[in-house]
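Residue numbers for the sequence shown follow this note's numbering, so the first one is 13 and each next one is one higher.
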Amino acid sequence: MGENQKVNITKVGFALTFLGVFFALYPIVQEIGDAGFYYFNTFLSIRLFYFITLATLGTGIYFYGVDFIGSNSFNFARKFGDAFYAIGFAIPDIYFILWLSSRAIALLKFLETRSPTLYIIFYVVGACIDLAIFYLIIRFVYRKLGKKDIAG
Numbered sequence: 013m014g015e016n017q018k019v020n021i022t023k024v025g026f027a028l029t030f031l032g033v034f035f036a037l038y039p040i041v042q043e044i045g046d047a048g049f050y051y052f053n054t055f056l057s058i059r060l061f062y063f064i065t066l067a068t069l070g071t072g073i074y075f076y077g078v079d080f081i082g083s084n085s086f087n088f089a090r091k092f093g094d095a096f097y098a099i100g101f102a103i104p105d106i107y108f109i110l111w112l113s114s115r116a117i118a119l120l121k122f123l124e125t126r127s128p129t130l131y132i133i134f135y136v137v138g139a140c141i142d143l144a145i146f147y148l149i150i151r152f153v154y155r156k157l158g159k160k161d162i163a164g
């Protein structure tokens, strides 16, 4: 068994443990899953982020399985697995950042009636900051995964 496969097995074990915790939280999600907030006039519920996290982690595990079974010299399955793994673990952070951003926008709501142009500028700047933070989080996690693969 190669070093990459050992690292992938460790990642799969950790992701399965994380999925197990998420499955244990499902009764709570059933109770409060409809709670959420509006972001750019789109309602983002807890249930939505719960299922997106499950789907991305499950997809990452699937690609690790494909990498484990197959012998692909390009390692595309491992790279896709790493990407979905990183996104899956970043989603709770992204949800929290989106919530903070929606609260900040709600505080600036008074600008909408006084200066609609300034309100739109703040809205766009907030969205750009959110996207930059998402990119940095996912890039950081993905690079950390890459360094662990190289280090073995």
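The beta carbon of each residue, even a glycine, is placed where N, CA and C say it ideally should be.
Shortest Cα-Cα distance from V153 to any of D105, Y50, D142, L31 involves D105. Distance from the CA of I109 to the CA of I103, rounded to the nearest whole angstrom, comes to 10 Å. For F55, there is no enclosing alpha helix (DSSP H); the enclosing beta strand (DSSP E) covers residues 54-57. Judged by pairs of C-beta atoms under 8 Å, the segment 39-49 does not touch the segment 67-86, as fewer than three such pairs exist.
When DSSP assignments are scanned along the segment 23-102, the uninterrupted stretches of alpha helix (DSSP H) that are 4 or more residues long and fall wholly within it turn out to be 38-44, 58-81.
Between F49 and L60, the beta carbon gap of about 11 Å keeps them out of contact (Cβ cut-off 8 Å).
The beta-carbon distance between F80 and F92, rounded to whole angstroms, is 13 Å. This is too long to meet the 8 Å contact definition. By the neighbour-count criterion, in which 16 or more other beta carbons inside 10 Å mark a residue as buried, F52 falls on the exposed side. Distance between V137 and S114, taken at the CA atoms: about 13 Å. Between I149 and Y135, the C-beta gap is not smaller than 9 Å, which leaves the two residues out of contact. Per the coordinates, the alpha-carbon of F34 lies some 25 Å from the alpha-carbon of D142.
The residues Y76, Y97, in chain order, have a CB closer than 7 Å to that of K23 in the same chain once the five nearest residues on each side in sequence are set aside. Around the beta-carbon of R90, 16 or more other beta-carbon atoms lie within 10 Å, marking it buried.
Cα atoms of I58 and W111: separation of roughly 11 Å, rounded to the nearest angstrom.
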